[in-house]
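K.L.:
Residue numbers (the numbering used here), protein chains in the order written: chain A, 1 to 295; chain B, 296 to 547. The beta-carbon is built from N, C-alpha and C at its ideal position, and this holds for glycine as well. Just so we're clear, the structure is a prediction, and the values are computed from it rather than from any experiment. Sharing a structure here in structure tokens format.
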């Protein structure tokens, strides 16, 4: 059993995530037929769990066929682990049903909240980092891991503002959550970059402050560029653009530190042709091979 | 109020000020940073409705639709992380939404689009072969007590407007020319394999199918419906893989 009081001994990467150390792609409904028809050489596919919480029809039909041929990462966007209220037990049960059905090699969720009371806000919202939030997040992750009977990966967030009541910095908060709960880290390199620019931090220092030993999977994505009222860069994590050069550079730094690890190219908006995504995956795969060949 | 209660309320209600207790590293007004979240929440929910109701959006135009959706969101925010179900209440909302009064069929088009989404995601079910059905229909003893079960994706919609024709014309070039919008239609929605299909039935056939959905025996359902073409209606159901079980057991 997982417990909040006694830290869980760190798990090996293989115990946190069974995905191969290759590049993967988010599975888009518009690409179902092309993926089955062309059988691209891709390390794995990732889906948003909530999209597949439906009774039947084309989504399950295609995911079932694609799962027969590829490893799968199940990525939740609706569990609201950081919510002030209790976790939605029904939602946990739906996750368990999906996991039993598709036997994914990894399950991940976010360090964020998205529901308050009965209302679901459909966004990953920021947390004030203090002791009470820490205790609550650890309790929720314990509950998830006990219910699903497997460790989960927790994704570092992209944020646009901070809270005056925060007393712990984000990497230290994540480090403590992972130490206590024994979950793994889904290192979203784009989120690291976006948050660091938005909060005027050094991305590399932030990266080095994360518990990199616990990384089970990496996410790469594109952001949108904006400016705040002082004219400073404000980056929006919109998954709607190609991966920025600065994020590729930070990814290389991450691979130097953690070695080759399953890496997802995320694209949820302005989704281009499958070949464009495949090219980005191949670019990541080349860096993964390079990281694996280093002594 | 808790931090998340304030935050949540101000995300949904654009008239509320930015919550207290927020900050930014460069000293910029936190309200400008909070707007990113508000825009994300509002934009993603409006986009979810636009994805679910494409013909409603075509009928009123994108700008009007997004304005209407923004008001709907404030009144009926999602209560579940399953976004495929969000917007169940949009048709009833439209019924009561005065600015759409001059598009009286809009709510029924929304109802039809909602049924199409439900049919798309409905449970799978194996269908009974045409031969098995023919055999059951050919045997007078069986026929008298025959119950048929319809596919879980099958839904009916009775409209005072030409809802099927209006919807169908918006699948390609959008024009309502030549359609008598006040000619009421009875829609049948079902998923045949992986495709959702929409048909217009005559009144008797729709009453008959509604009886079948209410577990009435085939002959009883047919006799208790206004005049309609039974063989043609059965052929439609068989031809589109809508029959999932045959049962001749007499109720105790």
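#1: Under the rule that 16 or more other beta-carbon atoms within 10 Å means buried, what is residue 276 of chain A, buried or exposed?
#2: Do residue 476 of chain B and residue 404 of chain B come within 8 Å of each other at the CB atom, strictly closer than that value?
#3: So, at 8 Å on beta carbons, what are the nonlocal neighbours of residue 257 of chain A in its own chain, with the 5 sequence-adjacent residues on each side left out?
#4: Out of A/153, A/62, A/232, which has the shortest C-alpha to C-alpha gap to residue 186 of chain A?
#5: Can you tell me whether residue 213 of chain A sits near the ligand COA, meaning its C-beta is under 7 Å from at least one heavy atom of the ligand?
#6: Using the C-alpha atoms, what's the distance from residue 246 of chain A back to residue 16 of chain A?
#7: With a threshold of 8 Å between beta carbons, is residue 599 of chain B in contact with chain A?
#8: What residue does the beta strand (DSSP E) around residue 480 of chain B start on, and which one ends it?
#9: Once DSSP output is grouped into helix, strand and coil, what is the label at residue 233 of chain A?
#10: Compare the C-beta of residue 35 of chain A against all C-beta atoms of chain B and say whether one is closer than 8 Å.
#11: Short of 6 Å in beta carbon distance, which residues of its chain neighbour residue 494 of chain B, apart from the five on each side in sequence? Order them along the chain.
#12: Could you spell out where the beta strand (DSSP E) holding residue 46 of chain A opens and where it closes?
#13: One question on the structure: do residue 63 of chain A and residue 76 of chain A come within less than 8 Å of each other, judged by their Cβ atoms?
#14: What does residue 298 of chain B reach in chain A if we use C-beta pairs closer than 8 Å?
#15: List the DSSP bridge partners of residue 177 of chain A.
#16: Should residue 521 of chain B be labelled buried (16 or more other beta-carbon atoms within 10 Å of its own) or exposed?
#17: Please list the residues of the region 20–50 of chain A that have a C-beta atom closer than 8 Å to any C-beta atom in chain B, keeping them in chain order.
#18: Verify the CB distance criterion: does residue 510 of chain B have a CB-CB separation below 8 Å to chain A?
#19: Quick check: residue 330 of chain B and residue 372 of chain B, are their CB atoms within less than 8 Å of each other?
#20: Which residue comes first and which comes last in the alpha helix (DSSP H) that contains residue 355 of chain B?
#21: When you compare the CB of residue 303 of chain B with every CB in chain A, is at least one pair closer than 8 Å?
#22: Using 8 Å for Cβ pairs, my map puts residue 367 of chain B next to residue 385 of chain B. What's the rounded Cβ distance?
#23: Touching or not, the region 81–93 of chain A and the region 329–348 of chain B, by the rule of three or more beta carbon pairs under 8 Å?
#24: Hey, is residue 197 of chain A's beta-carbon within less than 8 Å of any beta-carbon in chain B?
#25: Taking 8 Å as the threshold (C-beta atoms), are residue 442 of chain B and residue 342 of chain B in contact?
#26: Just the chain B side, please: which residues come within less than 7 Å of residue 236 of chain A by C-beta, in chain order?
#27: Tell me, to the nearest whole angstrom, how far the beta carbon of residue 188 of chain A is from that of residue 147 of chain A; I am working on the premise that it is less than 8 Å.
#28: 8 Å is my cut-off, CB to CB: does residue 65 of chain A come that close to chain B?
#29: What is the DSSP secondary structure of residue 424 of chain B, reduced to helix, strand or coil?
#30: Counting only runs of 4+ residues fully inside the region 21–101 of chain A, write out the alpha helix (DSSP H) ranges in chain order.
#31: Is residue 266 of chain A helix, strand or coil by DSSP?
#32: Output the boundary residues of the beta strand (DSSP E) element that contains residue 155 of chain A.
#33: Within 10 angstroms of its Cβ, does residue 312 of chain B collect 16 or more other Cβ (buried), or is it exposed?
#34: For residue 546 of chain B, is the classification buried or exposed, using 16 other Cβ atoms within 10 angstroms of its Cβ as the cut-off for buried?
#35: State the start and end residues of the unbroken beta strand (DSSP E) segment that holds residue 245 of chain A.
#36: Cα separation between residue 110 of chain A and residue 398 of chain B?
P.N.:
Per the coordinate set shown:
#1: exposed
#2: no
#3: 207, 208, 212
#4: A/153
#5: Looking for the ligand COA in the displayed structure turns up nothing, as the structure carries no ligands at all.
#6: 28 Å
#7: This structure cannot settle anything about residue 599 of chain B, because the visible part of chain B is limited to 296 through 547.
#8: 480–487
#9: strand
#10: no
#11: 483
#12: 44–48
#13: no
#14: 84, 128, 163, 165
#15: Answer is none; residue 177 of chain A lacks a bridge partner.
#16: exposed
#17: 50
#18: no
#19: no
#20: 349–355
#21: yes
#22: 6 Å
#23: no
#24: no
#25: no
#26: 331
#27: Rounded, the Cβ-Cβ distance is 24 Å, inconsistent with contact.
#28: no
#29: coil
#30: 32–38, 58–67
#31: coil
#32: 153–155
#33: exposed
#34: At residue 546 of chain B, the pLDDT of 48 sits below 50, so the modelled position is not reliable and the matter cannot be decided from this model.
#35: It is not in any beta strand (DSSP E) - residue 245 of chain A instead sits in the alpha helix (DSSP H) that spans 245–258.
#36: 43 Å
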